[in-house]
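What follows is a short report on a single structure.
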Amino acid sequence: MPKVYLRTFGCQMNERDSEQVAQMFVERGFTVTPQADDADVVLLNTCSVRDQAEQKAIGNMNHLGKFRRRNPRMVFGMMGCMAQSRGAQLLEEAPHLDLVAGTQKYHRVVDHCVEIMRAKEEAEMDDLRRPIIDVGEEEGSQNTIRDHVDKDYGVSEFVSIMQGCNMKCTFCIVPHTRGPERARPIAEIVDECRHLADRGVREVTLLGQIVNLYGRHEFPKVDGKSPFVQLLEAVHEIEGIRRIRFTSPHPIGYKEDVVAAFTYLPKLVDHVHFPMQSGSDRVLKRMHRPYKAARFLEICERMREARPGIAISTDIIVGFPGETDEDYLETKKAVEAVQFDQAFVFRYSPRKDTPAAEMEDQVPERVKEERNQDLLALVDSIVERKNHAQVGTVQEVLCEGPSRYNKARLSGRTRTNRIVVFDGDPGRLAGELLDIRIVESSGHTLYGDPVLHPAPDALVGA
Ligand code: SF4
């Protein structure tokens, strides 16, 4: 049985796409191996969010290329955002590549690899000594990301609802690598979620670059509700699905119907990831983010009215070209005002083919690092205080199985997306919604004990 090795760099979208490719290989009789030197096909799913991510993947591919000496028929391929943006140019960086497949070609990867393997077996590769470069756009490619690999304790799954982004944030490469927005039909997404529920999945995370603008170009509003809210309501109806999450939304997509959905869809968890990027209107304008900081804060307030206790996490870039000390202080003020439950802080990193990379007054690395450390200190102090405040409370936790860092214990997340570690039997508890009394916080992780509820018949006469 042929083997495929697949490594993923980058975001949840890449993870989800890699899983689709892995499942397609499995359906073609391959096994997925964690050992690259043991594989017949070696694939990297690449990321272009920062130059560092690109260099890492190229370095890794050149390291893996050495295995060809042991197995001359090994097939080497790169897919994903860097493959999309660089195409054939990647052959200069990794001359042993046989395949370069773009972000709208995941569903063609297995065919390409099988064709290359056959050519190598028939020793026709030398005649065919021209790698396959497939980075074009393909109608309907967004509908091909729908299958899942069988997993132990597959309790929570990502469901891709759209691909691409039409926004033009000046620091972002995604519109260039993922193309225009293309949404999957609601019915197909619901089918996928129902199928997952039948397999014991209890939580789905709806995935897209700007999920709350899902379907805005393809599907009509119904009763004043956006296609995204129609989708949330449809997934909410699925028995077996106990929790719904979504990522990544955009501030301009937080219309009244989306906020209102948090008042009548209880399966929607008490957490939203809500990228602010900057608290300075001047910087937001240079980023081409079409909202003001005040509007962002107002939406956070609206969310907290609609769902009291909701946790809000965010992404922030410091050191964006032209960001002054005053601008940075605006960002810091916004963080203090919102008191985020979690915030991912990034130092601005210029990306080739993005407008911001060409901007004058790039901020010196030293200043970026100072602001990065200063903001991280503020964010961490808020996160730790909020996590410590969880001690003594009872939280509903979806048990996801053995903890990633301590296999002897279990872990899961609260409705507010906090990780909780506790004891128990994975076979019995994975997929269950449990009440856990929080007894300790390490600042970023909570520890707790399951609350034992007496069996109903034990209550008779109680
Ligand atoms: S909305 Fe997100 S994915 Fe789209 S361009 Fe902006 S940062 Fe990139």
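According to the working numbering, the sequence shown is numbered sequentially starting from 254. Yeah, the Cβ is synthetic: ideal placement off N, Cα and C, and Gly gets one too.
If you run the structure through DSSP and keep just helix, strand and coil, what is N298?
Locating residue 298 in the sequence shown gives position 45, where the first residue counts as 1. Strand.
Report, in whole angstroms, the separation of the C-beta atoms of V363 and F278, which I expect to be a contact under 8 angstroms.
Here residue 363 refers to the residue found at position 110 of the sequence shown. Here residue 278 refers to the residue found at position 25 of the sequence shown. With 8 angstroms as the limit, V363 and F278 qualify as a contact, their Cβ atoms being about 6 angstroms apart.
Starting from F597, trace the alpha helix (DSSP H) in both directions and tell me its first and last residue.
Numbered from its first residue, the sequence shown carries residue 597 at position 344. First-last for F597: Q595 to R600, but that is the beta strand (DSSP E), not the alpha helix (DSSP H).
Is the distance from the Cβ of A306 to the Cβ of F262 below 7 angstroms?
To locate residue 306, count along the sequence shown from 1; it is residue 53. To locate residue 262, count along the sequence shown from 1; it is residue 9. Closer than 7 angstroms, so yes.
Apart from the five residues just before and just after M378, which ones in its own chain have a Cβ nearer than 6 angstroms to its Cβ?
Taking the sequence shown and counting its residues from 1, the one referred to as residue 378 is at position 125. At M378 the pLDDT is 49, less than 50, meaning the model places this residue with poor confidence; the figure from the coordinates comes in the next sentence. Excluding sequence neighbours, M378 sits near A372.
Report yes if the C-beta of I672 is less than 6 angstroms from at least one heavy atom of ligand 1; otherwise report no.
Taking the first residue of the sequence shown as position 1, residue 672 is located at position 419. The answer is no for I672.
At what residues does the beta strand (DSSP E) containing L663 begin and finish?
To locate residue 663, count along the sequence shown from 1; it is residue 410. That run of the beta strand (DSSP E) goes L663 to T667.
Among residues of its own chain, excluding the 5 on either side of R668, which ones have a beta-carbon nearer than 8 angstroms to its beta-carbon?
Numbered from its first residue, the sequence shown carries residue 668 at position 415. Cβ within range, chain order: R496, V522, D523, H524, Q648 and E649.
To test your reading of the DSSP string, which unbroken alpha helix (DSSP H) runs of 4 or more residues are found completely within the region 338 to 374?
You should have 343 to 346 and 362 to 374.
Quick check on the burial criterion: 16 or more other C-beta atoms within 10 angstroms. Buried or exposed for L466?
Mapped onto the sequence shown, residue 466 falls at position 213. Its Cβ being crowded by 16 or more others within 10 Å, L466 is buried.
Using a Cβ-based criterion (distance less than 6 angstroms to any ligand heavy atom), does Q337 qualify as near ligand 1?
Position 84 of the sequence shown holds residue 337. No, the beta carbon of Q337 sits no closer than 6 angstroms to any heavy atom of ligand 1.
Pull up the distance between the alpha-carbon of G330 and that of V402, whole angstroms please.
What you label residue 330 is simply residue 77 of the sequence shown in a count that begins at 1. What you label residue 402 is simply residue 149 of the sequence shown in a count that begins at 1. Taking the straight line joining both Cα atoms gives about 21 angstroms.
How about K621 and G572: do their beta carbons lie closer than 7 angstroms?
Mapped onto the sequence shown, residue 621 falls at position 368. Mapped onto the sequence shown, residue 572 falls at position 319. Contact: yes.
In this structure, does DSSP put C553 in helix, strand or coil?
On the sequence shown, residue 553 is found 300 positions in, with the first residue counted as 1. Helix, per DSSP.
Quick check: the Cα distance between G714 and L705, rounded to an integer number of angstroms?
The residue given as residue 714 occupies position 461 in the sequence shown. The residue given as residue 705 occupies position 452 in the sequence shown. Low confidence applies here, because G714 scores a pLDDT of 49, under 50, leaving its location unreliable; read the following figure in that light. When rounded, the distance between both Cα atoms is 19 angstroms.
Under 6 angstroms from any heavy atom of ligand 1, does the C-beta of V616 make it?
Against the sequence shown, residue 616 aligns to sequence position 363. For ligand 1, not one heavy atom lies less than 6 angstroms from the Cβ of V616.
Does ligand 1 have even one heavy atom less than 6 angstroms from the beta-carbon of H503?
For the purposes of this step, residue 503 is taken as residue 250 along the sequence shown, with counting starting at 1. Yes, the beta carbon of H503 sits closer than 6 angstroms to at least one heavy atom of ligand 1.
Tell me whether P428 counts as near ligand 1, meaning its Cβ is closer than 6 angstroms to at least one heavy atom of that ligand.
Within the sequence shown, the letter at position 175 stands for residue 428. True, at least one ligand heavy atom lies under 6 angstroms from that Cβ.
Are the beta-carbon atoms of G333 and T299 separated by less than 7 angstroms?
Taking the sequence shown and counting its residues from 1, the one referred to as residue 333 is at position 80. Taking the sequence shown and counting its residues from 1, the one referred to as residue 299 is at position 46. Taking 7 angstroms as the Cβ cut-off, G333 and T299 qualify as a contacting pair.
Do the region 554 to 563 and the region 601 to 615 make contact, defined as three or more Cβ pairs closer than 8 angstroms?
No contact exists between the region 554 to 563 and the region 601 to 615.
Contact between the region 307 to 325 and the region 424 to 435: three or more CB pairs below 8 angstroms?
No, they do not touch.
Using DSSP with H/G/I as helix, E/B as strand and the rest coil, what is H526?
Taking the sequence shown and counting its residues from 1, the one referred to as residue 526 is at position 273. It is a strand residue.
When DSSP labels each residue in this structure, what does L460 get in the three-state scheme?
Start at 1 with the first residue of the sequence shown, and residue 460 comes out as number 207. It is a strand residue.
Need the endpoints of the beta strand (DSSP E) that V328 sits in, please.
The count along the sequence shown starts at 1 and reaches residue 328 at position 75. That run of the beta strand (DSSP E) goes V328 to G333.
Rounded to whole angstroms, what is the Cα-Cα separation between D291 and E268?
On the sequence shown, residue 291 is found 38 positions in, with the first residue counted as 1. On the sequence shown, residue 268 is found 15 positions in, with the first residue counted as 1. If I take the Cα positions, the gap works out to 22 angstroms.
Reducing DSSP to helix, strand and coil, say where S409 ends up.
Within the sequence shown, residue 409 is the residue found at index 156, counting from 1. Looking at S409 - three-state DSSP - the assignment turns out to be strand.
Write down the C-beta distance between V412 and L459 rounded to the nearest angstrom, noting that I regard them as a contact closer than 8 angstroms.
As a first step, residue 412 must be located in the sequence shown, where it is residue number 159. As a first step, residue 459 must be located in the sequence shown, where it is residue number 206. That pair is a contact at about 6 angstroms.
Which stretch, first to last residue, makes up the beta strand (DSSP E) that contains G654?
Residue mapping note: residue 654 aligns to position 401 of the sequence shown, counting from 1. Unbroken beta strand (DSSP E) run through G654: V647 to P655.
If you compare alpha carbons, which of P255, F320, P703 and K421 is closest to M540?
Taking the first residue of the sequence shown as 1, we reach residue 540 at position 287. Closest option to M540, Cα to Cα, is K421.
Look up E637 in the DSSP assignment and say whether it is helix, strand or coil.
Indexing the sequence shown from 1 puts residue 637 at position 384. Here E637 sits in helix by DSSP.
Looking only at its chain, what residues have a beta carbon closer than 6 angstroms to the beta carbon of I491, apart from the 5 residues adjacent to it on each side?
Along the sequence shown, one-based indexing puts residue 491 at 238. Result list for I491: C446, R447 and A450, in chain order.
Tell me whether the beta-carbon of V302 lies closer than 7 angstroms to the beta-carbon of V257.
For the purposes of this step, residue 302 is taken as residue 49 along the sequence shown, with counting starting at 1. For the purposes of this step, residue 257 is taken as residue 4 along the sequence shown, with counting starting at 1. No; because the gap between Cβ atoms is not below 7 angstroms, this pair is not in contact.
Is M420 near ligand 1, in the sense that its beta carbon is under 6 angstroms from a heavy atom of that ligand?
Sequence index remark: in the sequence shown, residue 420 carries index 167 (1-based). Result yes, Cβ under 6 angstroms from ligand 1.
How many Å lie between N670 and I563 at the Cα?
The residue you call residue 670 lines up with position 417 of the sequence shown. The residue you call residue 563 lines up with position 310 of the sequence shown. C-alpha separation (whole angstroms): 10 angstroms.
What first and last residue would you give for the alpha helix (DSSP H) that runs through V692?
As a position in the sequence shown, residue 692 is number 439, starting the count at 1. Note, V692: premise wrong, no alpha helix (DSSP H); beta strand (DSSP E) at L686 to S694.
Here's a check: name, in chain order, each residue in its chain whose Cβ is nearer than 7 angstroms to the Cβ of R600, leaving out the five neighbours to either side.
As a working note, residue 600 is residue 347 in the sequence shown. Once the five neighbours on either side are set aside, the close Cβ partners of R600 are V571, G572, K621, E622 and N625.
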